[in-house]
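Asker: Following my numbering, the numbering of the sequence shown begins with 11 at its first residue and continues without gaps.
We put the CB at the ideal spot given by N, CA and C, even for glycine.
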Amino acid sequence: MRTVHRRLLTVGAVATCVGAAATLPSLAADPDAALVKVAAAEGTPVPGQYIVTLKDGASSDSAAKKVRAAAVQRFDGVLNGFAARLNGTQLDQLRRDHRVAAIEQDQIVKASGTQRAPLPWGLDRIDQRKRPLSKSYSYGARGRGVTAYVIDTGVDAGHREFGGRAASAWTAPQFGGDGRDCNGHGTHVAGSIGSKTYGVAKEAKLRSVRVLGCDGSGPMSNLVAAAQWLRTHAAKPAVANMSVGGPKSAALNTAVTNLSKSGVFVSVAAGNEGQNACKTSPASAGWVMAVGATTSYDNRADWSNYGSCVDIHAPGYGIWSTWPGNGKRALSGTSMATPYVSGVAALYLTTHRGAGFSQVQKWMTDSSTRGQVKRLPKGTTNKLLFKGGL
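Here's what the structure looks like:
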């Protein structure tokens, strides 16, 4: 089991289809003082937009106002800092500000990849140790009293499969409060967590936290802002599903780790680039359950990320679930595997309401089926999700 205290080191699904103000001076008196380095985006940058991390005790409001930063999102819980659009002069001022700990270029994150496929087998697989499958899904707990937050493209809350249990909780500023799903990815993920037909936790409350646009992408700072909101407002017991991803980001990893430490169980997609998951976020963060994907033959899906940052595997190929407009669709990706883990966590929290991340993670890894996943690269854990007697 990967320790939840591992060193912090950015979110994705393959789709087939941030006290009182400190008294430190705001600018370095010595013009030759070392400047804070700006970390370049490892993926697609958001031009002119940056995530600024401040030192403990520094005020994000004061620092942002000092340079007259525009379009600011302030963080003071999961990360002490802010995201803002900055020109060259503003950026240079912040690089010289004694209160600034780090600056990184904001970058695009995407819903993890998807593929259409015909096999509705995922629920069947997680309630038994071995194949062949029994063509049934047995359950006792139903997730009642647990809230699952879907950090994604939005959710079609009116879908009949959700039975009135779905609603919009928060949206990133650019969406103007519109939590509807104009992409489909978020609705599919929500369905695997808690829909009547396709869901693991069939009575859990489903809440949309919209961070991505209709094209399935958005700035990484939206994920930090979502973690910030959830740390303050999540109705517990709660799970947070992040079937999104992008390149490595220290700011995002810090935010997600702090969200998990606040008492929200966090499941994240390992990613679908067929690379080491430790190169991505938030899969490389501490205090998260990073999920890889398997096929119906218990093989690791060839596009599923691998390595020591993957905590567990779950079905992720050809997964049928809900689609906007009372529809259904089969998709593939670690995005599809992750909600199965979130759903099982919701089942566990139904009867262990005070359990923190470490307890849920230990139970899930101890209960997993060992040695069953084939075609795993060296150094990747061989654990397959199993819901046990829940």
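Do VAL383 and ASP308 have their C-beta atoms closer together than 8 Å?
Answerer: In contact: VAL383 and ASP308 (Cβ atoms closer than 8 Å).
Asker: By the DSSP assignment, the alpha helix (DSSP H) with HIS198 in it spans what residues?
Answerer: Its alpha helix (DSSP H) spans residues 195 to 204.
Asker: So the alpha helix (DSSP H) ASN268 belongs to, where does it begin and stop?
Answerer: 260 to 271
Asker: Can you tell me whether GLN59 is buried or exposed? The criterion is at least 16 other CB atoms within 10 Å of its CB, across all chains shown.
Answerer: buried
Asker: Just to confirm my understanding: we take THR264, look at its own chain, exclude 5 residues before and 5 after, and list those with CB closer than 6 Å. What are they?
Answerer: LEU89
Asker: Taking just the CA atoms, how far does SER314 sit from GLY326?
Answerer: Across the structure, GLY326 and SER314 are spaced so that their CA atoms are roughly 9 Å apart.
Asker: What do you reckon, are the CB atoms on SER253 and PRO349 nearer than 8 Å?
Answerer: Taking 8 Å as the Cβ cut-off, SER253 and PRO349 qualify as a contacting pair.
Asker: What do you reckon, are the CB atoms on GLY153 and LYS206 nearer than 8 Å?
Answerer: no
Asker: When you compare only the Cα positions, how much space is there between LYS120 and GLY226?
Answerer: Distance between the alpha carbons of LYS120 and GLY226: 6 Å.
Asker: Report yes or no: do the region 381 to 397 and the region 350 to 368 share at least 3 C-beta pairs separated by less than 8 Å?
Answerer: yes
Asker: Which residues bound the beta strand (DSSP E) around GLN115?
Answerer: In the DSSP assignment, GLN115 falls within the beta strand (DSSP E) that extends over 110 to 121.
Asker: State the Cα-Cα distance for the pair VAL110 and GLY194, rounded to the nearest angstrom.
Answerer: Each residue's CA atom was taken as its position, placing VAL110 and GLY194 some 39 Å apart.
Asker: SER272: which of GLY174, TRP297 and THR361 sits nearest, CA to CA?
Answerer: TRP297
Asker: Just the Cα atoms here: how many angstroms apart are ALA340 and TYR208?
Answerer: The straight-line gap from Cα to Cα measures roughly 11 Å.
Asker: Between which two residues does the beta strand (DSSP E) harbouring PHE367 extend?
Answerer: That residue, PHE367, is in no beta strand (DSSP E); its alpha helix (DSSP H) goes 367 to 377.
Asker: How close, in whole Å, do the beta carbons of SER291 and GLY256 come, if the pair is a contact with beta carbons under 8 Å?
Answerer: 6 Å
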